Every structure is written in structure tokens, then in C-alpha cells.
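A short worksheet on the structure shown next.
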Amino acid sequence: MSIATVGIVGAGQMGNGIAHVFALAGYDVLLNDISAEALEKSVAVISRNLDRQVSKDKISTTEKDAAMARIKTTQALEDLGKTDLVIEAATEREDVKNAIFAQLLPHLQDHTILTSNTSSISITRLASRTDRPEKFMGFHFMNPVPIMQLVELIRGIATDEPTYKLLLDVVERLGKTAASAEDFPAFIVNRILMPMINEAVYTLYEGVGSVKSIDESMKLGANHPMGPLELADFIGLDTCLAIMNVLHDGLADTKYRPCPLLTKYVEAGWLGRKTQRGFYDYRGDAPVPTR
Numbered sequence: 368m369s370i371a372t373v374g375i376v377g378a379g380q381m382g383n384g385i386a387h388v389f390a391l392a393g394y395d396v397l398l399n400d401i402s403a404e405a406l407e408k409s410v411a412v413i414s415r416n417l418d419r420q421v422s423k424d425k426i427s428t429t430e431k432d433a434a435m436a437r438i439k440t441t442q443a444l445e446d447l448g449k450t451d452l453v454i455e456a457a458t459e460r461e462d463v464k465n466a467i468f469a470q471l472l473p474h475l476q477d478h479t480i481l482t483s484n485t486s487s488i489s490i491t492r493l494a495s496r497t498d499r500p501e502k503f504m505g506f507h508f509m510n511p512v513p514i515m516q517l518v519e520l521i522r523g524i525a526t527d528e529p530t531y532k533l534l535l536d537v538v539e540r541l542g543k544t545a546a547s548a549e550d551f552p553a554f555i556v557n558r559i560l561m562p563m564i565n566e567a568v569y570t571l572y573e574g575v576g577s578v579k580s581i582d583e584s585m586k587l588g589a590n591h592p593m594g595p596l597e598l599a600d601f602i603g604l605d606t607c608l609a610i611m612n613v614l615h616d617g618l619a620d621t622k623y624r625p626c627p628l629l630t631k632y633v634e635a636g637w638l639g640r641k642t643q644r645g646f647y648d649y650r651g652d653a654p655v656p657t658r
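Residue numbers for the sequence shown follow my numbering, beginning at 368 and rising by one.
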């Protein structure tokens, strides 16, 4: 089979980025969210990001208009049942993902491939809750999706070879690079990245350095484009905490214990850029460290 239509669950930062790259690559996209406001905002963000690509001569105005014409939206999850490929890009909570799959499954075509953009949760476990574990995979895009080149492909224990090869072809058509990861907690990127961020939070928690000194040290001393605390704010502190909990629970190693300060920020609702406060306060003209 070939993929022509793609359904995306979740119109947040990841969902709109995924919709952007699929529409630009020529796929018909159906973007779903329970919120009409989120869908409207998502389409506006995609349009602005495509305009940015036009201004940089990366795409033409004609290509931008064609991509926008391929994107449709719906608040009805069952509408995605008509698509060839479904990508779940909801919040990083296993119970939420399982509830979405349970609602979606009765409406899927037999050939539809079901995937999750999860950054850490077991693909085998998610697949086992569906009626098509052989046609289920992890399809993990990096943020921001239109810019980042990598896509992690994660096979569950039951994923068949045709499904894997088909998604490899999709990644190639998107103009991105696939990295195959085994189904272990947090896969490759976040298995390495999140403990680094967590250790940066411990460095702050223990008073070894301030927010500014920690971030500047890694940018100037290790040539990182963003400091680890700045990056945590960009990702979302709730997402960072969720991934660290998956690592800690799944690998039973104390080195993955989430820093208490990270937990405190999440409990305060200081989740980073999306709430205007995290390790930096974004409510003014320029970000200001909160510690």
C-alpha cells in the first residue's frame, strides 16, 4: 500500500509542525483536536511558518498555497478513520493516548497504520491496547518539526517489516532522516538529552550555579546552541518531568530520579515558554532568570 492521507491527533506545537511537513510533502492532512480554537490557532501558525520559508526562498508562494489547501481540520476523532496513516501527537500521558486509541479504533480502515509521536512511552505497551499491533509504530518527530531533520522510528515487538519500511519511505519523502531505535524507555534522543537537562536542574537545585551561569557554561563551554535550562523551557517542564519519570520507572535506576526542583516548577504551573514562566520569566521584553 501507499500513504496518501494522514490524520493527526492533537493541534499543539508538535501536531501543527507535523501537519506542516506532511502537507508540504504532498500528503492530504486531516488535523484533529477537541478545541476549535486550537485548530484555528494551529492553521494560523502553519501559515506563518510557511510564509517564513517563502521569505527565505526555501519554498515558493505556489508551494505554500498548495500545502495550505491540503490541510483540513476536524473536532471529530472518528473522521480520522478514513486516513491511511494516523499520528497521535497528544500530551505525553499514557492514559490519554490509550483513551484516544480506544475511541479511534472502531473507525479505522483495516489497512490504516497507527503511530504515536511519544518521546518516551513503550511502543509495545501502547500497541498491545490496539487491534493492530503489527501496524503500530513509534513515529517521533523532533521539535520544531519543520526545522529538525531527525525522526525516530521505534518498532514494538509485534511491528511487521512492511509497516517499518513504509514509514521509512514516508520519512524520506518528507526530506528527513530516520533513526531506528529499540523500544526501551525514552528511545535514543531523550535517553541522552533528558538526563542532561535533569542534571542541569540538580546543578541549579544544589546551588552550584545560577540559571544564567549554567546555560552560558554549556553554550560557551560545550558549544550547545541553547543552554539546558533554556531548552527545558522550550520543550516544556511537564514533558521533561514525564520523560524522567518514564526513565526512572522503566529502568529502575536512581540516576534517573527527577530533580525535586523540576517537580516543584511543574507543581507551580511554571512549565516554560508555553505558560510564560519556567526557569526564565518570559512576560517582559526579554527572558529573565527566575533563580
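All C-beta atoms in this analysis are idealised placements derived from N, C-alpha and C, irrespective of residue type, glycine included.
Just so we're clear, the structure is a prediction, and the values are computed from it rather than from any experiment.
Query	Result
Please classify Glu539 as buried or exposed, where buried requires at least 16 other C-beta atoms within 10 Å of its C-beta.	exposed
When you compare only the Cα positions, how much space is there between Arg492 and Ala436?	36 Å
Leaving out five residues on either side along the sequence, give the residues of the same chain with a beta carbon under 6 Å from the beta carbon of Gln516.	Lys543 and Thr544
So, do the stretch 378 to 398 and the stretch 437 to 449 have three or more beta carbon pairs nearer to each other than 8 Å?	yes
Are Val568 and Leu638 closer than 7 Å when you measure CB to CB?	no
What does the Cβ neighbour count give for Pro473, buried or exposed, with the cut at 16 atoms within 10 Å?	exposed
Anyone know if the C-beta pair for Asp582 and Leu604 falls short of 7 Å?	no
In terms of residue numbering, what span does the alpha helix (DSSP H) encompassing Gly314 cover?	Residue 314 falls outside the range modelled here, since the chain spans only 368 to 658, and no answer is possible.
Among the residues of its own chain, which have a CB less than 7 Å from the CB of Ile555, if the five just before and after it don't count?	Glu519, Ala546 and Ala548
Report the rounded CA-to-CA distance for Leu417 versus Ala433, giving the unit in angstroms.	11 Å
Among Val373, His507 and Gly379, which has the Cα closest to the Cα of Ser483?	His507
DSSP three-state call for Arg437: helix, strand or coil?	coil
For Thr544, list the residues DSSP reports as bridge partners.	Leu517
DSSP state of Val575, grouped into three classes?	coil
Quick check: what's the CA-CA separation for Lys586 versus Leu598?	11 Å
Closest to Ile401 by CA distance: which of Ile375, Ala386, Ser422 and Val412 is it?	Ile375
Assign Thr387 to one of three DSSP states: helix, strand, or coil.	It is His, not Thr, that sits at residue 387 in the sequence shown. His387: helix per DSSP, three-state reduction.
Threshold first: 3 residues or longer. Then list the beta strand (DSSP E) segments lying entirely within the stretch 443 to 490, N to C.	452 to 455 and 480 to 483
Can you tell me the Cα-Cα spacing of Ser427 and Gly379, whole angstroms?	26 Å
Using a 10 Å radius around the Cβ and a threshold of 16 neighbouring Cβ atoms, would you call His478 buried or exposed?	exposed
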